[in-house]
Amino acid sequence: MAEATSGQVSGLRGQAQCAYATSVAVHGNGFIAAFTVGLAFAAAGGESARLAPFMEETGSLLSLLVWLMSGVIAVAPALPHTPHGSAAKLVVTWSF
């Protein structure tokens, strides 16, 4: 099977961006528009649809990184104001 080319991937990205921009321009929901383009892309089942699992895993990884950074931003200001034992308890408590 042939690998998806960068042109096919950037074409999907362009379609999603166009759908998002058009939807926002007419005061619609851009997320739903881009999501619908993704569904249509997957339903088309072309060669480039094989990239869907990779894109899904990459999105999940980026989501985890965003949540990690949000946690760091939320906890970091509190750490200097706690005794050293309390800071460790705070980090352990928040991580579970």
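Quick note: the sequence shown uses this note's numbering, first residue 418, plus one each step. Note that beta-carbon positions come from the ideal geometry of N, C-alpha and C, so glycine has one too. Here the structure is a predicted model, which means the values were calculated and not measured.
Here Phe448 is exposed. Its C-beta has fewer than 16 other C-beta atoms within 10 Å.
Taking 8 angstroms as the cut-off, the Cβ atoms of Ala459 and Ala451 do not count as close. In the DSSP annotation of this structure, Val443 is not part of any alpha helix (DSSP H), being labelled neither H nor E. Excluding its 5 nearest sequence neighbours in each direction, Thr453 has C-beta neighbours in its own chain below 8 angstroms: Ala436, listed in chain order. Taking Met472 as reference, the option from Gly455, Met486, Val492 and Ser440 with the minimal CA-CA separation is Gly455.
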